[in-house]
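Encoded as structure tokens, the structure appears first; notes follow it.
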Amino acid sequence: MAQVLIVGKTLMGKQLCLGGIELGNRRSVRLLPSKGIGHPLDKPIYLGEIWDMTFREVPASEIIPPHTEDVRTIRGRRVRRYAGSALLQILAKHIEARTVEPQDLFDSRIRFTRSARGYVAPRHGLPQYSTGFWRFRLPLLRIPEGNESRYWVFSERGKILLDVKYVGLEEDVPEELSPGTLLRFSLAHAFPDDPQRRCFLQLSGWYM
Numbered sequence: 040m041a042q043v044l045i046v047g048k049t050l051m052g053k054q055l056c057l058g059g060i061e062l063g064n065r066r067s068v069r070l071l072p073s074k075g076i077g078h079p080l081d082k083p084i085y086l087g088e089i090w091d092m093t094f095r096e097v098p099a100s101e102i103i104p105p106h107t108e109d110v111r112t113i114r115g116r117r118v119r120r121y122a123g124s125a126l127l128q129i130l131a132k133h134i135e136a137r138t139v140e141p142q143d144l145f146d147s148r149i150r151f152t153r154s155a156r157g158y159v160a161p162r163h164g165l166p167q168y169s170t171g172f173w174r175f176r177l178p179l180l181r182i183p184e185g186n187e188s189r190y191w192v193f194s195e196r197g198k199i200l201l202d203v204k205y206v207g208l209e210e211d212v213p214e215e216l217s218p219g220t221l222l223r224f225s226l227a228h229a230f231p232d233d234p235q236r237r238c239f240l241q242l243s244g245w246y247m
């Protein structure tokens, strides 16, 4: 059994993707259900909760980088929940979050489309993880796009450096994420019909 802090709750189609940190060894885990890959949208599990969990490792033959964090949950029990400054304090004990430029994410493996959307791809080398925490030197500005929220990062000269989709569930989405805000990014799975097998960058959440 392990104690897991829930740090990510994001949309994956019509299901939930849950991310956590195993507190005993600071390991990042993607919490799959016992079968399948996603949880129901109404699953009662929330950011900042600590759970006592029993899980089993996904066989190495099923692990495809950069998505190396998968485990299958067997059972769990909610212990407590942290929010606000208390959540930031416990995160600070279990993660590292460097202040970087967008191109530095994921071991500087990130590349960009002409519209500044970030991705990793096998031909450029893949990181060995698909989630992480960083801070940006520059602000992120919210740009609504239909029912989605995207965030843009501009250089001091006004050039767009990054256009990233927010995939979390927060309803109160800020218009700006100020420099130095703790951010969690993730890499989506590649589309089956993409010959480049690109895994696009996503903004999973922020912590204030």
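Its first residue numbered 40, the sequence shown is counted upward by one per residue in my numbering.
Quick reminder that beta carbons are idealized off the backbone N, C-alpha and C, glycines included.
Predicted model only: the values in this text are computed from it and were never measured.
Quiz item: Leaving out five residues before and five after Val212 in sequence, what residues of the same chain have Cβ atoms less than 8 Å from its Cβ?
Solution: For Val212, where only same-chain residues beyond five positions count, the Cβ hits under 8 Å are Arg181, Ser188 and Tyr205.
Self-check item: Backbone secondary structure at Ala41 - three-state DSSP
Solution: Correct three-state label for Ala41: strand.
Self-check item: Supposed close pair Gln54, Gly77 - CB separation, criterion 8 Å
Solution: Contact between Gln54 and Gly77 holds: their C-beta atoms lie close to 3 Å from each other, under 8 Å.
Practice problem: Kindly indicate which residue of Val110, Ala125, Arg116 and Lys198 has the alpha-carbon position closest to the one of Arg153. | Solution: The shortest Cα separation from Arg153 among Val110, Ala125, Arg116 and Lys198 belongs to Lys198.
Exercise. Per DSSP, which residues does Lys204 bridge with? Please list them.
Key: Partner(s): Arg189 and Gln241.
Exercise. On a CA-only basis, which of Trp245, Lys48, Thr49 and Gly47 is nearest Arg174? Give me that one, please.
Key: That would be Trp245, whose Cα lies nearest to the Cα of Arg174.
Practice problem: Measure how close the beta-carbons of Leu177 and Pro231 come, nearest whole angstrom, since I'm counting them as under 8 Å. | Solution: The pair is not a contact, with the Cβ atoms about 34 Å apart (cut-off 8 Å).
Exercise. Can you give me the Cβ contacts of Leu200 inside the same chain, cut-off strictly under 6 Å, excluding the 5 residues immediately before and after it?
Key: Cβ neighbours of Leu200 beyond the five flanking positions: Pro141, Val192 and Ser194.
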